[in-house]
Structure formats: C-alpha cells, structure tokens
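In the numbering used here, the protein residues as written are 968 to 1265.
The structure appears below as structure tokens.
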Ligand code: RIB
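Have a look at this one:
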C-alpha cells in the first residue's frame, strides 16, 4: 500500500499581517519564521502522519533551508532516499497570512526546477513500484510527464498551481483534484469554457476525458465527480487561523484513505475533516494531524 509523491519541497517564510499589502505599500507584520512546506512535501507528510508508507521524489539545494524544509518529512517517516541534493537553493515560499487565515504565496522554485525528466528517470524504480503516484504543479512539465509515464499504479493529480503539462499525461489523473479556480484554468488549458458552478466545472472535466474529479471548495467542503455521479461533501465548521497547505492536507489524507480501500466519496469525507483540522493551526506541515489526533466532525 505505498504512495510515491513526485513533487516540490520548500522552506516557507511566513509573515502574519492584519491585511495583505497593496503594491507600493509597506506594512508591519509578525512571525517571520521558516517552516517546512512545498506542495509535494506537504502532501507526503499529510499521508505519512496518518500511517501510509510514503516515498518522495524531489530535490533540495545546498543551503541552510534544506534542513528546515525536510525536518518534518523525516519526523513523519517519509522515505527520502529519492530526494537529491542539487547545486541550487532550496525552494522558498514567501507567505503572508492575514487575519481570518487567508493567504498569499510567492514561490521561488530553486531546486524544484531541477525535478525534470532526467532526475525523475533516475528514480524510476520508486515510481514504478508505487500503488499510487501523487503529483502537483510545482515541478517542470517534463518531470511531471515522465512520472506519469513511469507510473504503473493509480495516478492522482493536484495540478496546483495550474501549469502547462501534456494533455495525455494530465488525463491519466484519477482523480484530477483542484479548487474551483484551478478547475477553470484546467478547462481553459483544454480549450474549454472555464466558468460556471462547481457542478458545471466538474461535469465539463468529466466530459473532457477525466475518469474522475474532486473539487475542493474550502469551507464549503468538496465535490466528488465519478461515473457520471456528483456527490457533495460537507466540511466541519471550524475557526480558521491559517489556510496555508489545507488543500495539501486534503490531498495527502485523500490518498491515504484511497490506499486503505475507501471509495472516493468516503476518502473525500475524511480528507475534509483533515483539511478542517489543519486550518485551525498555523503553518502547512506543522498543522497536520497524526492518526492519534481527534478530527473535527460535520
Ligand atoms: O500549498 C501550500 C504550499 O504552497 C506552501 O507550503 C508553499 O511552500 C507552496 O508550495
């Protein structure tokens, strides 16, 4: 029951602000600490903390941020034998978190930009052996495409951010996991209308050729679209303090439960609870529950 994540590893530099700055404005903030992030690493940690064996394929740089970026991956027991040390800086995300938890994220890819087809190929055995391969949009498109080609098991794609990846590789996603905004961009990338309700977006993505689609809707829960059927999942009502990495918590938890044999609807129900848990605490990986934690309920 193994999960292989092929994706990014970042150091998150987070500043808390009363509100987000506008261009040209200087604001005072608080915090300024570095914590572990990156969508690939976040999703790997989310699944591993819940008990799934996880292998991560990725890269970190030869700088001081490599250590804090990988600390929680190690703590969670993620297999880092396929994370390469490269001559670059470790990926860096500069994050502002405003009152109410809303955030902005700027990413400097650094070492993640080297997770292309060549690097991915060097770790072919890990990808081929996985029952499920989980991908995001923070590595080069040719690395993404090579990982999909190598995958023998199920492929789950959370194309965040939405980047241009080969159509045939993207359509292997089962499910494609996206928020509403990303779903619209994926549709546009496929030459289709990207506007509409979540239900319309999900149906259009199924019509475009995806076997299944999971739309994450923040505090409104999630929508699972599979086999022509749409199921809305509610999220527990919580007081959000920081939404950074909540989508990653959802993705990791969702894959954890798929590998345990859950249906997509049941996996999404559990993942909504994990996402809700994560927004009640600061940071991405530091906010994720372990199997022993009590999750909020609907
Ligand atoms: O999804 C949240 C993540 O996006 C952050 O941890 C940051 O590193 C960026 O990759």
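Ideal Cβ placement from N, Cα and C applies to all residues, glycine included.
Small disclaimer: the values here were computed from a predicted structure and weren't measured.
**Report entry** First and last residue of the uninterrupted alpha helix (DSSP H) at residue 1094
**Finding:** 1091 to 1096
Query raised in the report: Does the ligand RIB have a heavy atom nearer than 7 Å to the CB of residue 1016?
Result: no
Query raised in the report: In whole angstroms, what is the alpha-carbon distance linking residue 1184 and residue 1144?
Result: 11 Å
Query raised in the report: Taking the Cβ atom as the reference point for each residue, do residue 1180 and residue 1142 lie within a distance shorter than 8 Å?
Result: yes
**Report entry** Reduced DSSP category for residue 1186 - H, G, I as helix; E, B as strand; rest coil
**Finding:** helix
Query raised in the report: Taking 7 Å as the line, does the beta carbon of residue 1129 fall inside it for any heavy atom of the ligand RIB?
Result: no
Report task. Run the proximity test for residue 1105: is its beta-carbon closer than 7 Å to any non-hydrogen atom belonging to the ligand RIB? Result -> yes
Query - Residue(s) in a DSSP beta bridge with residue 1001 - result: 980
Query raised in the report: Under the criterion of a Cβ to heavy atom distance below 7 Å, does residue 1181 qualify as lining the ligand RIB?
Result: no
Query raised in the report: Using a threshold of 7 Å, is the CB atom of residue 1032 nearer than that to any non-hydrogen atom of the ligand RIB?
Result: no
Requested in this report: Give the straight-line distance between the Cα atoms of residue 1137 and residue 1118, rounded to the nearest whole angstrom.
Outcome: 13 Å
Query raised in the report: Can you name, in chain order, every residue of its own chain whose Cβ lies under 8 Å from the Cβ of residue 1018, other than the five neighbours on each side?
Result: 1223, 1258
Report task. Report yes if the C-beta distance between residue 1182 and residue 1165 is below 8 Å; otherwise report no. Result -> yes
Query raised in the report: With distances taken between CB atoms, is the gap from residue 1103 to residue 974 smaller than 8 Å?
Result: yes
**Report entry** Environment of residue 1171 [buried if 16+ CB atoms lie within 10 Å]
**Finding:** buried
Query - N- and C-terminal bounds of the beta strand (DSSP E) containing residue 1121 - result: 1121 to 1125
Query raised in the report: Of the choices 1239, 1264, 1048, whose alpha-carbon is the least far from that of residue 1013?
Result: 1239
Report task. Could you pull out every residue in the same chain whose Cβ sits closer than 7 Å to the Cβ of residue 1140, ignoring the five residues on either side in sequence? Result -> 1122, 1123, 1124, 1177
**Report entry** Residue(s) in a DSSP beta bridge with residue 1062
**Finding:** 981, 1072
Report task. Would you mind sorting residue 1134 into buried or exposed? The rule is 16 or more other CB atoms within 10 Å of its CB. Result -> exposed
**Report entry** Pairwise C-alpha distance: residue 1075 and residue 1058
**Finding:** 6 Å
Requested in this report: With DSSP as the reference, label residue 1101 as helix, strand or coil.
Outcome: strand
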